[in-house]
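Chemist: Sending over a structure as structure tokens; questions will come in a sec.
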Ligand SMILES: NC(=O)c1ccc[n+]([C@@H]2O[C@H](COP(=O)([O-])OP(=O)(O)OC[C@H]3O[C@@H](n4cnc5c(N)ncnc54)[C@H](O)[C@@H]3O)[C@@H](O)[C@H]2O)c1
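In the working numbering, the protein residues as written are 11 to 455.
In structure tokens, the structure reads:
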């Protein structure tokens, strides 16, 4: 049994289950800290790709980190092989929503099952996946029942954001470690020796809640500013000026105050619904979160409504979507507002073209019914309107004069308030944005 009384700096031997965004970043960063890491996944093509030196998705810096640490980082499909020499197993599998909004924990339990006969030598099983409060207690009970009381358990939720995940992991605002005993917490803390950031140790249930509460609060902040933006539109205030000054208050901070088309991605929508479901299951209707979720779902639909009234209907209109991913700097399309926008446009009888430098929308509707272009110029050609959906920095550098000439009528809805209204007006556009004077200029149609 490994000594758990002192911090355990590298090198340790770690198995990571799940080669997705979180598992790969965790594995590569632990290897960077000097640990020996085996990453296990159940998708053969993913493991094959990783073995050949490729990364299955875009995350800045991750590919280089994997290559730099290839001596200490390996990939396998075989659970037993991953665990046999490991001291700790990190569970980084996906926890998608079920039809009821609860988190689907089947993959977490599949890992626990796989470990039951092979884990007795482990110091700790560490869950990074986002799970409802109480999951750790249930896993602990299952491990005890399987005769694994000597194996520690920790909840170690992950707060990295896609697009900056490597930097976030190595320079975190905090590392949260929840454990049932001090020795396990201390040992897991040792794995992070070398990273720059405070460590918060606590009980398991609280650690699980920190993750859900953090995401719900961030979702609430975004939704709050979107609500203020709507009131700005109705009253003549300018959300960009309002948000800038509000964010100067050190009690509030400037982050997550950009009004837009609503939050998306693999975490905020899923985790806020999971927290709402968890609260409801325990008899408490989380009304504030209900409102946040509802307002966010409305946000892209409002954009369609505005477009529809500006164009006098959408049937037969061609609309160009500029940016598809849920935010810039990632290729992740999970719960991207663009999907709702494209679906609604198609349902209204519009034709949809699009551009995105990185998105991987997949072979499913609405994307099979849209035409993707390699550049913005192609996407806006003969369009009746463009919607800036994702604030890719490239869009700030587009030649908007040339774009206006290519369009049937130069109308743009800047869904992220990225562009300069005056410059767009000058280029001949009718310019609409979120939370600012409803529209500038009038294009001839
Ligand atoms: N993506 C984020 O930004 C983020 C941030 C913080 C927390 N999280 C949480 O981390 C968890 C993982 O998220 P993700 O975005 O990395 O998911 P993902 O879908 O990108 O990756 C999950 C991986 O786990 C693999 N997997 C499933 N079952 C497995 C098993 N039994 N053994 C080994 N691998 C298995 C899948 O094949 C997939 O490759 C989720 O709970 C998520 O909520 C995600």
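Just so it is clear, CB atoms sit at the ideal spot from N, CA and C, and this is done for glycine as well.
Report whether the distance from the Cβ of residue 117 to the nearest heavy atom of ligand 1 is below 6 Å.
Modeler: Answer for residue 117: yes, Cβ within range of ligand 1.
Chemist: Tell me whether residue 431 is buried or exposed, calling it buried when 16 or more other Cβ atoms sit within 10 Å of its Cβ.
Modeler: Buried: at least 16 other Cβ atoms inside 10 Å.
Chemist: Taking only three categories from DSSP, how would you classify residue 196?
Modeler: Of the three classes helix, strand and coil, the one that applies to residue 196 here is helix, per DSSP.
Chemist: In terms of alpha-carbon separation, which member of 350, 167, 361 lies closest to residue 100?
Modeler: Taking only the C-alpha atoms, the option nearest residue 100 is 167.
Chemist: Going along the chain, which unbroken runs of the alpha helix (DSSP H) with 4 or more residues stay wholly within the stretch 152-223?
Modeler: Segments of the alpha helix (DSSP H) lying fully in the stretch 152-223: 175-180, 192-201.
Chemist: For residue 102, which of helix, strand or coil comes out of DSSP?
Modeler: Coil, per DSSP.
Chemist: By alpha-carbon positions, which one of 79, 197, 95 ends up nearest to residue 136?
Modeler: Among 79, 197, 95, the Cα nearest to that of residue 136 belongs to 197.
Chemist: Nearest-angstrom Cα distance between residue 218 and residue 141?
Modeler: One C-alpha to the other measures close to 7 Å.
Chemist: Can you find at least 3 beta carbon pairs, one from the stretch 411-426 and one from the stretch 435-445, that sit closer than 8 Å?
Modeler: Short answer: they touch.
Chemist: Going straight from the alpha carbon of residue 455 to that of residue 315, what length do you get?
Modeler: Note that residue 455 scores 38 on pLDDT, short of 50, meaning its location in the model is unreliable; the coordinates nonetheless yield the value given after this. Answer to the nearest angstrom: the Cα atoms are 19 Å apart.
Chemist: Quick one, are the C-beta atoms of residue 134 and residue 98 less than 7 Å apart?
Modeler: Closer than 7 Å, so yes.
Chemist: How would you label residue 265, buried or exposed, when you count the other beta carbons within 10 angstroms and need 16 or more for buried?
Modeler: Exposed, by the Cβ-count rule.
Chemist: Answer yes or no: do residue 139 and residue 103 have a C-beta to C-beta separation smaller than 7 Å?
Modeler: Yes, they are a contact pair.
Chemist: Would you check whether ligand 1 has a heavy atom nearer than 6 Å to the C-beta of residue 121?
Modeler: True, at least one ligand heavy atom lies under 6 Å from that Cβ.
Chemist: Taking the C-alpha atoms as reference points, what is the distance between residue 29 and residue 51?
Modeler: Between residue 29 and residue 51, the C-alpha separation is close to 6 Å.
Chemist: For a test of the three-state rule: what should DSSP assign to residue 83, helix, strand or coil?
Modeler: Residue 83 falls in the strand class under three-state DSSP.
Chemist: Report the CB separation of residue 172 from residue 69 in whole angstroms; it is logged as a contact under 8 Å.
Modeler: At roughly 7 Å, the Cβ-Cβ gap stays under 8 Å, so residue 172 and residue 69 are in contact.
Chemist: How about residue 409: is its Cβ closer than 6 Å to a heavy atom in ligand 1?
Modeler: It does not: the Cβ of residue 409 is nowhere closer than 6 Å to a heavy atom of ligand 1.
Chemist: Taking residue 42 as part of the beta strand (DSSP E), name the residues at either end of that continuous run.
Modeler: Unbroken run through residue 42 is the alpha helix (DSSP H), 31-42; no beta strand (DSSP E).
Chemist: Tell me the DSSP secondary structure of residue 442 in three-state form.
Modeler: The answer is strand: DSSP assigns residue 442 an E or B state.
Chemist: My understanding is that residue 179 touches residue 39, with C-beta atoms under 8 Å, so please give their C-beta distance in whole angstroms.
Modeler: With a Cβ gap of about 4 Å, residue 179 and residue 39 count as contacting.
Chemist: Use the C-beta contact count for residue 13: other C-beta atoms within 10 angstroms, 16 or more gives buried, fewer gives exposed.
Modeler: For residue 13, the predicted structure reports a pLDDT of 47, less than 50, and the residue's modelled location is therefore unreliable. A value from the coordinates is still provided. Answer is exposed; the Cβ neighbour count stays below 16.
Chemist: Sort 406, 363, 405 by Cα distance to residue 389 and report the nearest one.
Modeler: If we check each option's Cα against that of residue 389, 363 comes out closest.
Chemist: Less than 7 Å between the C-beta atoms of residue 348 and residue 332, yes or no?
Modeler: Not a contact, by the Cβ cut-off of 7 Å.
Chemist: Using only alpha-carbon positions, find the residue among 157, 80, 329, 123 that is nearest to residue 90.
Modeler: Out of 157, 80, 329, 123, 123 has the C-alpha closest to the C-alpha of residue 90.
Chemist: Using CA coordinates, which residue listed in 366, 299, 429 is at the minimum distance from residue 224?
Modeler: When only C-alpha atoms are compared, the closest one is 299.
Chemist: Taking the continuous alpha helix (DSSP H) assigned at residue 422, which residues delimit it?
Modeler: Where residue 422 is concerned, there is no enclosing alpha helix (DSSP H), although the beta strand (DSSP E) it sits in stretches over 421-424.
Chemist: Between the stretch 403-412 and the stretch 370-378, do three or more beta carbon pairs fall short of 8 Å?
Modeler: Cβ pair count under 8 Å is below three, so no.
Chemist: Helix, strand or coil: how does DSSP classify residue 465 here?
Modeler: Because the chain is modelled from 11 through 455, residue 465 falls outside the range shown and cannot be assessed.
Chemist: Looking only at its chain, what residues have a beta carbon closer than 7 Å to the beta carbon of residue 257, apart from the 5 residues adjacent to it on each side?
Modeler: Result list for residue 257: 263, 264, 267, in chain order.
Chemist: State the Cα-Cα distance for the pair residue 118 and residue 144, rounded to the nearest angstrom.
Modeler: Taking the straight line joining both Cα atoms gives about 13 Å.
Chemist: Give the DSSP bridge partners of residue 283, in chain order.
Modeler: None, per the DSSP bridge assignment.
Chemist: Can you tell me whether residue 11 is buried or exposed, with buried defined as 16 or more other CB within 10 angstroms of its CB?
Modeler: Any answer about residue 11 is weak, because its pLDDT of 39 lies below 50 and its placement is not dependable; what the coordinates show is given next. So residue 11 counts as exposed.
Chemist: What are the boundary residues of the alpha helix (DSSP H) that includes residue 377?
Modeler: Counting along the chain, residue 377 falls outside any alpha helix (DSSP H), and DSSP gives it neither H nor E.
Chemist: Report yes or no: do three or more beta-carbon pairs, one from the stretch 351-358 and one from the stretch 309-323, lie closer than 8 Å?
Modeler: With the cut-off at 8 Å, the stretch 351-358 and the stretch 309-323 touch.
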